[in-house]
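Each remark here refers to the structure printed beneath this line.
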Amino acid sequence: MRRWLVIISLCCAEAWADDWRLNAACPPGFVSDSGVCRFRSLYSGYPSLQDAGMGGLKVGLPTPRDGFTAQQIDLGRLLFFDPLLSGDGSVSCASCHQPDKGFTDGLALSKGIHGQTAERSAPSLWNVGFLQTLFWDARASSLEQQLLGPLYAEHEMGNTPEQLLASLRGNPIYTDLFKQAFGEKGLTLDTIYTALAAFEASLISLNSRYDLYAHGFHEVLSEPEIEGMNIFRSFVARCAECHTPPLFTNQQLAVLGTPEPTGRPLDIGAEGPTGDRSLRGGFKVPTLRNIELTAPYMHSGRFKTLRETVEFYTKGRGHAVPEGEHLSIHWHIWEPKLTDTELDRLVDFLKTLTDQSFMPVIPERVPSGLSVADALNHSETVEPTSVAMGDSP
31 MRRWLVIISL CCAEAWADDW RLNAACPPGF VSDSGVCRFR SLYSGYPSLQ DAGMGGLKVG
91 LPTPRDGFTA QQIDLGRLLF FDPLLSGDGS VSCASCHQPD KGFTDGLALS KGIHGQTAER
151 SAPSLWNVGF LQTLFWDARA SSLEQQLLGP LYAEHEMGNT PEQLLASLRG NPIYTDLFKQ
211 AFGEKGLTLD TIYTALAAFE ASLISLNSRY DLYAHGFHEV LSEPEIEGMN IFRSFVARCA
271 ECHTPPLFTN QQLAVLGTPE PTGRPLDIGA EGPTGDRSLR GGFKVPTLRN IELTAPYMHS
331 GRFKTLRETV EFYTKGRGHA VPEGEHLSIH WHIWEPKLTD TELDRLVDFL KTLTDQSFMP
391 VIPERVPSGL SVADALNHSE TVEPTSVAMG DSP
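Positions 31 to 423 (the working numbering) are the ones given, in order, by the sequence shown.
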């Protein structure tokens, strides 16, 4: 099977070899600065605003990953959507991180090659360039370190470093594109990882209706949405203490006592990589950006709707901890006793965080000649065959 994929790739590459040129323009949200793309927004300040004494809002927006060239970002885009990166040519990075689903896959538990099922859901990739740790259990400290997980996990993309390098080097289009993006460095494992990280770091979502409100355009939110925002940041609900604007995450680990799906044992969470018993059942606080698009929710997709999710937090500290488990529930989790109306208003506010205005263009074709659409629809065309531990960022 793999031999035929390579033959198809080579045939298509020969036919398209003269058609490919990487985009030399920085993606939206970035400006060209000395040949590389630098992040700019009203949160961080534009040079013109700084010259006028306006440096942007004084908020805790972390330093982003930037400084990649436009060509490196565009090459990463092609790689991200190309099924050639998987062991059998059936899935791409986009199979679990689909643009129309907030760069998640709409599944409680993601599916890899051969229909294998992962143990955790696929988190959104919006704004991952700002994150200091990745994966639900925070075991990766960089985008490059994180992407090694799904690329080489047998139940996810099922590739190997040797096969990945051979597949791409066997494609003359990719050989040329890597020269365009990296010059003499060319096509190596490190430049593959850099290109993917460059693209993922370009996925910026900071232009929602909430952001317009934060920048002074208060009329963009309705009264119910403003009421929900005030509940969100109140000392009673305390949502903003963990989901801190403007990323709507404090990037910390927290033990919530989230219930697992019926019949599944407790996921030990961050206790696994850290060995810290106090982090048993603990996970990274996820961003709430584009949360309207990324159902189902929590690390295991336990809740199907936003309404179910916000209701979990008002049912009482540790109410869903399995019998016999003794978890160190995060101190922010208590019993706010919000009313049904207040929970509804919270959901109204969360929907104001939706913004995909900087959506990258999904390529109609990729250098391998494999189907972008088939890889995107992978989860709808395969049946799960097994369960194995693993997750995406």
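Backbone N, C-alpha and C define an ideal beta-carbon position, used for all residues, glycine too.
Where does residue i land, buried or exposed, given buried means 16+ other C-beta within 10 angstroms?
i, result
"V402", "buried"
"A300", "buried"
"G65", "exposed"
"H408", "buried"
"P191", "exposed"
"D49", "exposed"
"M84", "Only weak support is given to the placement of M84: the predicted model assigns it a pLDDT of 40, under 50, and the value that follows is read from those uncertain coordinates. By the neighbour-count rule (16 or more Cβ atoms within 10 Å), M84 is not buried but exposed."
"E255", "buried"
"S197", "buried"
"L236", "buried"
"A55", "exposed"
"L406", "buried"
"R294", "exposed"
"Q162", "exposed"
"A350", "exposed"
"L219", "exposed"
"F247", "exposed"
"V377", "buried"
"H329", "buried"
"E410", "exposed"
"T369", "exposed"
"S252", "exposed"
"A82", "Bear in mind that the predicted position of A82 carries a pLDDT of just 38, short of 50, making it unreliable; the figure below should be weighed with that in mind. Under this definition A82 is an exposed residue."
"H273", "buried"
Name the residue from the options whose alpha carbon lies nearest to the alpha carbon of residue i.
i, options, result
"W166", "L219, S151, F160 and G159", "S151"
"L91", "D112, L108, F69 and L109", "F69"
"A284", "A228, H360 and M259", "H360"
"R319", "K367, L380 and R95", "L380"
"L194", "S172, P275, T93 and L178", "L178"
"K209", "L105, P129, L251 and G136", "L105"
"P153", "H362, F133, G145 and H248", "F133"
"L226", "L309, Q175, S264 and P291", "Q175"
"N157", "Q386, H329 and T371", "Q386"
"T317", "P276, M259 and G354", "P276"
"K367", "R307, N280, F265 and T274", "F265"
"G258", "T279, Y223, T371 and Q282", "T371"
"S358", "R307, E249, S238 and I203", "R307"
"R263", "Y327, E249 and T279", "T279"
Between which two residues does the beta strand (DSSP E) holding residue i run?
i, result
"C67", "V66 to F69"
"V61", "F60 to D63"
"F313", "G312 to K314"
"V158", "Segment: none, V158 is in no beta strand (DSSP E) and carries neither H nor E."
"L283", "L283 to V285"
Return yes when the C-beta of residue i is under 7 Å from any heavy atom of the ligand PLP, and no when it is not.
i, result
"G136", "Within the structure as shown, the ligand PLP is missing, as the structure has no ligands at all."
Can you check whether the CB of residue j is closer than 8 Å to the CB of residue i?
i, j, result
"I234", "G97", "no"
"L242", "L181", "no"
"S120", "I143", "yes"
"N201", "P397", "yes"
"I261", "R375", "yes"
"P352", "L400", "no"
"G346", "E365", "yes"
"I298", "G287", "no"
"D135", "Q128", "yes"
"E322", "T384", "yes"
"Y240", "T93", "no"
"R122", "D112", "Here residue 122 turns out to be Ser, not Arg, going by the sequence shown. Against a cut-off of 8 Å, the Cβ pair of D112 and S122 comes out as a contact."
"A148", "L155", "no"
"R332", "P291", "yes"
"L72", "H245", "yes"
"L52", "L217", "no"
In the DSSP assignment, find the unbroken alpha helix (DSSP H) run with residue i in it and report its ends.
i, result
"K209", "P202 to F212"
"G258", "E253 to F262"
"F342", "L336 to F342"
"V198", "Checking the sequence, you will find Leu at residue 198 rather than Val. It spans P191 to R199 - the alpha helix (DSSP H) in which L198 sits, taken as one unbroken run."
"G5", "Residue 5 is absent from the structure shown; the chain starts at 31 and stops at 423."
"C123", "C123 to C126"
"E149", "From DSSP, E149 is part of no alpha helix (DSSP H); its letter is neither H nor E."
"Y73", "That residue, Y73, is in no alpha helix (DSSP H); it is neither H nor E in DSSP."
"Y327", "Element bounds for Y327: n/a, residue is neither H nor E."
Write down the C-beta distance between residue i and residue j rounded to the nearest angstrom, noting that I regard them as a contact closer than 8 Å.
i, j, result
"F229", "F110", "5 Å"
"R169", "P303", "4 Å"
"K314", "A325", "18 Å between Cβ atoms; not a contact."
"H362", "E271", "5 Å"
"A231", "Q102", "The Cβ separation is near 10 Å, so there is no contact."
"L108", "P393", "6 Å"
"A100", "C67", "6 Å"
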